[in-house]
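Asker:
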DNA sequence: CGCAAATATGCGTGCCCCGCAAAATTCGAC
DNA sequence: GTCGAATTTTGCGGGGCACGCATATTTGCG
């Protein structure tokens, strides 16, 4: 990557991170694009050269994680059975990105409040769908099924939905529970074909 | 329902329908709230008393359909196995609302274009999630599982994702295919536990 | 160095969404 | 029917967002 591109990357991350931090601290509606730009050291106009909305700047981290799941799955041995491979890929992707997260109660409460904003919900679901599409490609390769058929997309969609449910469940759990436990339980249900427990 | 409320209902539907028609005909960005309000015979300000955005006005039909699925499922015999009951409920809900749709190629192309708009994608996914939550409640009752646990939400999420995949697949299919065929194939995969075909 | 390409910025515009208060309409009791 | 209370509609105004366009600035390279 050239110097030019890596600087762009850093600006992008600074903007995204500033957007998240400010929105968690003050609430989505109490943050102006102007504030985010200032926190990242660029002009307000530049913000919209990187992201087409506040919500997109915040949700881009979710997209990165989704992409990483597909990447992890691609890197796994091709002869590994599908469900274990998926479970490990998801777990690995979350683990790899967990270090950056603040785990204080205060932060988590802020995140929960932030995620109630309609614009953010829509955007998160949208990036989830985009990640599902990438995941579907990998699954088609892995299972040898038609990439234009429904099967790979159905599996990817179910995995994406499972991650959403697990994440949501974990965020609401009181007292708090290790995320990996919740995630693996959810994926276990899925691997069992969602048969009634 | 009182006279007052039924009039509100009619206004709501007039606004939603006008929003859809205009957006399909001209494209989402080429329709102003002002146009929608005019087409429905109310003031622009009134539009936002009913819907908090253009996208919401359009997506509310999807929400209605989602709600209906939950209602159909609730109306089915409690001893029917889960997957067939779900499949029939989904099929029934789509069938019941199919009559109102324009099936011309022109219309369908317009719908496809409209659905590419980010704001609309987010909103559709959002209402899908809300419908999933209602569906989860019914599934919890039906399966006797903990409504606060993950299982009902996982099933509902998978069903919701399946419907999205089937709908999308059907919209892109060329030459066109009966929707019910696609839908039932998708649900069959799901009922099979998404095992590799 | 000096030029070409890429990026950042400033400015102006059109639109959206909502709060608020003032009309207008509806409903029920009499 | 009529009147008053409750509900709904409307107009106005404001704050903010997203983006097109032209200009300035920075960057990488010969």
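Residue numbers (the UniProt record's numbering), protein chains in the order written: chain A, 1 to 197; chain B, 1 to 197. We treat Cβ as the ideally placed atom computed from N, Cα and C, and that holds for glycine. Predicted model, so just to flag it, every value in this text is computed and none were measured.
Counting only C-beta atoms, is residue 121 (chain A) closer than 9 angstroms to chain B at any point?
Answerer: Taking Cβ atoms only, chain B reaches closer than 9 angstroms to residue 121 (chain A), which makes this a yes.
Asker: Could I get the ranges of all uninterrupted alpha helix (DSSP H) runs contained in the region 97 to 164 of chain B, with 4 residues as the minimum, in chain order?
Answerer: With a minimum length of 4 residues, the continuous alpha helix (DSSP H) runs that stay inside the region 97 to 164 of chain B are 105 to 114, 118 to 143.
Asker: Under a CB-based cut-off of 9 angstroms, is residue 74 (chain A) close to chain B?
Answerer: No, residue 74 (chain A) does not count as interfacial toward chain B.
Asker: Nearest chain A C-beta to residue 192 (chain B) closer than 9 angstroms, yes or no?
Answerer: Taking Cβ atoms only, chain A reaches closer than 9 angstroms to residue 192 (chain B), which makes this a yes.
Asker: Where does residue 193 (chain A) fall in DSSP's three states?
Answerer: It is coil, neither helix nor strand.
Asker: For the UniProt DNA-binding region "H-T-H motif" (32 to 51) of chain B, enumerate the residues whose C-beta is nearer than 7 angstroms to any C-beta of chain A, in chain order.
Answerer: Listed by position along the chain: nothing, the set is empty.
Asker: How would you call residue 109 (chain B), buried or exposed, if buried means at least 16 neighbouring beta carbons within 10 angstroms?
Answerer: So residue 109 (chain B) ends up on the exposed side.
Asker: Does the CB of residue 165 (chain A) have a neighbour CB from chain B at under 9 angstroms?
Answerer: Chain B contact via Cβ: present.
Asker: Spell out whether any CB of chain A is found under 9 angstroms from the CB atom of residue 178 (chain B).
Answerer: No, because no Cβ of chain A sits closer than 9 angstroms to the Cβ of residue 178 (chain B).
Asker: Whose CA, out of B:170, B:142, B:179, B:188, lies closest to the CA of residue 196 (chain A)?
Answerer: Measuring from the Cα of residue 196 (chain A), the nearest candidate turns out to be B:142.
Asker: Measuring alpha carbon to alpha carbon, tell me which of A:165, A:83, A:119 ends up nearest residue 152 (chain A).
Answerer: Selected option, being the one with the closest Cα: A:83.
Asker: Using only alpha-carbon positions, find the residue among B:176, B:124, B:168, B:171 that is nearest to residue 61 (chain B).
Answerer: Minimum Cα distance to residue 61 (chain B) is reached at B:124.
Asker: Under 9 angstroms between beta-carbons, which chain A residues line up against residue 65 (chain B)? List them in chain order, please.
Answerer: Per Cβ cutoff of 9 angstroms: no residues; residue 65 (chain B) is ~17 angstroms from chain A at best.
Asker: Looking only at C-alpha atoms, which of B:114, B:72, B:86 sits nearest to residue 96 (chain B)?
Answerer: The residue with the shortest Cα to Cα distance from residue 96 (chain B) is B:72.
Asker: Output the boundary residues of the alpha helix (DSSP H) element that contains residue 70 (chain B).
Answerer: Here the alpha helix (DSSP H) through residue 70 (chain B) covers 54 to 74.
Asker: Please report the straight-line C-alpha distance between residue 128 (chain B) and residue 31 (chain A), rounded to a whole angstrom.
Answerer: Straight-line Cα distance between these residues: approximately 28 angstroms.
Asker: Does residue 175 (chain B) have its Cβ less than 9 angstroms from a Cβ in chain A?
Answerer: Not one chain A Cβ lies under 9 angstroms of residue 175 (chain B).
Asker: Taking only the alpha-carbon atoms, compute the straight-line gap between residue 57 (chain B) and residue 77 (chain B) and give it to the nearest angstrom.
Answerer: Roughly 34 angstroms between the two C-alpha positions.
Asker: Is residue 18 (chain A) near residue 51 (chain A), with beta carbons less than 9 angstroms apart?
Answerer: Contact: no.
Asker: Against chain B, does residue 90 (chain A) count as a neighbour if the rule is that its beta carbon must be under 9 angstroms from one of theirs?
Answerer: Taking Cβ atoms only, chain B never reaches closer than 9 angstroms to residue 90 (chain A), which makes this a no.
Asker: Report the rounded CA-to-CA distance for residue 100 (chain B) versus residue 94 (chain B), giving the unit in angstroms.
Answerer: Taking the straight line from one Cα to the other gives about 11 angstroms.
Asker: Considering only C-alpha positions, which residue in the set A:111, A:65, A:14, A:86 is nearest to residue 26 (chain A)?
Answerer: Checked all of A:111, A:65, A:14, A:86; the closest Cα to residue 26 (chain A) is A:111.
Asker: Could you tell me the alpha carbon to alpha carbon distance between residue 86 (chain B) and residue 39 (chain A), rounded to whole angstroms?
Answerer: Distance between the alpha carbons of residue 86 (chain B) and residue 39 (chain A) is about 49 angstroms.
Asker: Mind the definition here: the region 1 to 15 of chain B touches the region 162 to 178 of chain B only if three or more C-beta pairs lie below 8 angstroms; say whether that holds.
Answerer: Result no; under three Cβ-Cβ pairs closer than 8 angstroms.
Asker: To the nearest angstrom, how far is it from the Cα of residue 120 (chain A) to the Cα of residue 2 (chain B)?
Answerer: Distance between the alpha carbons of residue 120 (chain A) and residue 2 (chain B) is about 36 angstroms.
Asker: With a CB to CB cut of under 7 angstroms and the five nearest residues on each side skipped, what residues in its chain are close to residue 170 (chain B)?
Answerer: Excluding positions up to five away in sequence, the list reads 177, 179, 182.
Asker: With 9 angstroms set as the bound, which would you pick, yes or no: does the beta-carbon of residue 16 (chain A) sit closer than that to a beta-carbon of chain B?
Answerer: No, because no Cβ of chain B sits closer than 9 angstroms to the Cβ of residue 16 (chain A).
Asker: Give the C-beta separation of residue 131 (chain A) and residue 67 (chain A) to the nearest angstrom, bearing in mind that I take them to be a contact with Cβ-Cβ under 8 angstroms.
Answerer: Indeed they touch by this definition, with Cβ atoms about 6 angstroms apart.
Asker: Interface residues of chain A around residue 112 (chain B) at Cβ under 8 angstroms?
Answerer: Simply none; closest approach about 16 angstroms.
Asker: For residue 148 (chain B), does the count of other Cβ atoms within 10 angstroms reach 16, so buried, or fall short, so exposed?
Answerer: Exposed, since its Cβ has fewer than 16 Cβ neighbours within 10 Å.
Asker: How about residue 132 (chain A): is its C-beta nearer than 9 angstroms to some C-beta of chain B?
Answerer: Chain B contact via Cβ: present.
Asker: Given residue 59 (chain A), which residues of its chain have a CB within under 8 angstroms of its CB, disregarding the five upstream and five downstream residues?
Answerer: The answer, listed in chain order, is 120, 123, 124, 126, 127.
Asker: Am I right that residue 22 (chain B) and residue 35 (chain B) are in contact with their C-beta atoms under 8 angstroms? What's the rounded C-beta distance?
Answerer: Confirmed, Cβ separation roughly 6 angstroms.
Asker: Name the chain A residues whose beta carbon is nearer than 9 angstroms to that of residue 160 (chain B)?
Answerer: Ordered by position in chain A, the residues that pass the 9 angstroms Cβ test against residue 160 (chain B) are 157, 161.
Asker: Could you give the DSSP three-state label for residue 22 (chain A): helix, strand or coil?
Answerer: If DSSP states are grouped into helix, strand and coil, residue 22 (chain A) belongs with the helices.
Asker: Drop a sphere of 10 angstroms on the beta-carbon of residue 106 (chain B), count the other beta-carbons inside from all chains shown, and report buried for 16 or more, exposed for fewer.
Answerer: By the neighbour-count rule (16 or more Cβ atoms within 10 Å), residue 106 (chain B) is not buried but exposed.
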